[in-house]
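Here's the structure, in structure tokens; my notes come after.
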Amino acid sequence: MQARTAGRKHRSIRYAKWGYLFIAPFFIAFAVFQLIPLASTVYYSFFEYFRSGLKEIGPNFVGLKNYAELFRTDLPKYFGNTLLMWIIGFVPQIAVSLLLAAWFTDTRLRLRGQGFFKTVIYMPNLIMASAFAMLFFALFSDNGPVNAALVSAGFLEEPFRFLSSVAGTRGLVGLMNFLMWFGNTTILLMAAVMGIDPGLYEAAEIDGCTPGQMFRRITLPLIRPILVYVVITSMIGGLQMFDVPQILTNGKGSPDRCATTMIMYLNNHMYSKNYGMAGAVSTVLFLVCAVLCIAVLKTLDRSKEGGAGK
Numbered sequence: 280m281q282a283r284t285a286g287r288k289h290r291s292i293r294y295a296k297w298g299y300l301f302i303a304p305f306f307i308a309f310a311v312f313q314l315i316p317l318a319s320t321v322y323y324s325f326f327e328y329f330r331s332g333l334k335e336i337g338p339n340f341v342g343l344k345n346y347a348e349l350f351r352t353d354l355p356k357y358f359g360n361t362l363l364m365w366i367i368g369f370v371p372q373i374a375v376s377l378l379l380a381a382w383f384t385d386t387r388l389r390l391r392g393q394g395f396f397k398t399v400i401y402m403p404n405l406i407m408a409s410a411f412a413m414l415f416f417a418l419f420s421d422n423g424p425v426n427a428a429l430v431s432a433g434f435l436e437e438p439f440r441f442l443s444s445v446a447g448t449r450g451l452v453g454l455m456n457f458l459m460w461f462g463n464t465t466i467l468l469m470a471a472v473m474g475i476d477p478g479l480y481e482a483a484e485i486d487g488c489t490p491g492q493m494f495r496r497i498t499l500p501l502i503r504p505i506l507v508y509v510v511i512t513s514m515i516g517g518l519q520m521f522d523v524p525q526i527l528t529n530g531k532g533s534p535d536r537c538a539t540t541m542i543m544y545l546n547n548h549m550y551s552k553n554y555g556m557a558g559a560v561s562t563v564l565f566l567v568c569a570v571l572c573i574a575v576l577k578t579l580d581r582s583k584e585g586g587a588g589k
């Protein structure tokens, strides 16, 4: 009996060795292309290291000087810009995606042409952000077709300068992010809803629950893990927002730097070869992403506890 048990342990160890061998390429690639660059970025954030003309200064250890100088600049403003433009795009995105997911998965509605509509709403996700930004730049320019249509319809007396106003520029960035990603969010939420046991809805309908009650009491609690995944990935993508505002505002974030994001600010330091400050910006951005993701997960845990208590 003991010999048989020892043989089983020996075989499991041998199989585990092959498992580690197959997953080793991922960890090697992660260490080379992500972990080591991340550690290097944090390391150089404590150094004075930049290029002035043809002369390279540093690396000279300066401690927290880069971080202190960073918070004396407009970094809080750029963080506020990034967060605000993400919220403008994400709140309508999650609302519309939840609504579409509920409609497309509701067998009682019997919607026709679902495959066509699913393809159409996902197609903007296939367009490059740079192409999307150039399209919006042409559509919403002072002499573009949107202004021409609004003036012709009598809604405006003269063209509205979207890209010269703070609300117009931020609104366009939020609208682009909404159009680019709501299709992907809808597909994810549809997959989550389709994984719910239909018997739960049938039992709730027999008990006299309204569609709204079923959505709040059954659908939302059971798709919470996917919903949190969507929030976290969207938040990380939003904090790393770069290409859309960069192209739409020609890299200036104008007017009054209202559309300058943290990554655009980081890009300016990388372009000027100020590696120490760029490392400090990257580290701050990493910490902000980590804190916000942990906050979302903690909120999820409290929601679960509250639901279990009820």
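Under the working numbering, the first residue of the sequence shown is numbered 280, with each subsequent residue one higher.
Glycine residues also receive a C-beta, built at the ideal position from the N, C-alpha and C atoms.
One Cα belongs to glycine 462, the other to isoleucine 515, and the distance between them is close to 18 Å.
Excluding residues up to 5 positions away in sequence, Thr465, Leu468, Met469, Val472 lie with their Cβ nearer than 6 Å to the Cβ of alanine 380 in the same chain. For asparagine 339, same chain residues with a beta-carbon under 8 Å away, outside a window of 5 residues either side, are Phe326, Glu327, Tyr328 in chain order. No Cβ-Cβ contact shorter than 8 Å links valine 507 with leucine 571. Spanning the alpha carbons of phenylalanine 301 and phenylalanine 309 requires a straight line of approximately 14 Å. Of the residues assessed, glutamine 313 falls on the exposed side of the cut-off, its CB having fewer than 16 other CB atoms within 10 angstroms.
Rounded to whole angstroms, the gap between the alpha carbons of leucine 545 and threonine 398 is 36 Å. Membership of serine 319 in the alpha helix (DSSP H) is indicated by the continuous run 315-323.
Membership of lysine 356 in the alpha helix (DSSP H) is indicated by the continuous run 354-384. Assignment of asparagine 463 by DSSP, reduced to helix, strand and coil, places it in the helix class. Three or more beta-carbon pairs separated by less than 8 Å link the stretch 445-461 to the stretch 515-529, which places the two stretches in contact. When only Cα atoms are considered, glutamine 519 and serine 443 end up about 24 Å apart. Residue pairing by DSSP places lysine 552 opposite no residue, since no beta bridge is assigned to it. With fewer than 16 neighbouring CB atoms inside 10 Å of its own CB, isoleucine 315 falls in the exposed class. Distance from the CA atom of aspartate 421 to the CA atom of glycine 453, rounded to whole angstroms, is 19 Å. If you draw a straight line from the Cα of phenylalanine 439 to the Cα of phenylalanine 419, it is about 9 Å long. Counting only the Cα atoms, glycine 517 lies some 37 Å from cysteine 488. Of the residues assessed, alanine 318 falls on the exposed side of the cut-off, its CB having fewer than 16 other CB atoms within 10 angstroms. The three-state secondary structure of glutamate 348, taken from DSSP, is helix.
Within the DSSP bridge table, the entry for lysine 334 names Ser331 as partners. Comparing alpha-carbon positions, the option among Gly555, Phe494, Pro477 lying closest to threonine 386 turns out to be Pro477. Distance between methionine 549 and lysine 531, taken at the CA atoms: about 15 Å. Counting along the chain, leucine 429 sits inside the alpha helix (DSSP H) bounded by residues 424-431. Contact check between the stretch 535-544 and the stretch 356-367: three or more CB pairs, one atom from each, fall below 8 Å, which counts as touching. Residue pairing from DSSP places asparagine 339 in a beta bridge opposite Glu327. In the three-state reduction of the DSSP assignment, glutamate 481 falls in the helix class, which pools H, G and I.
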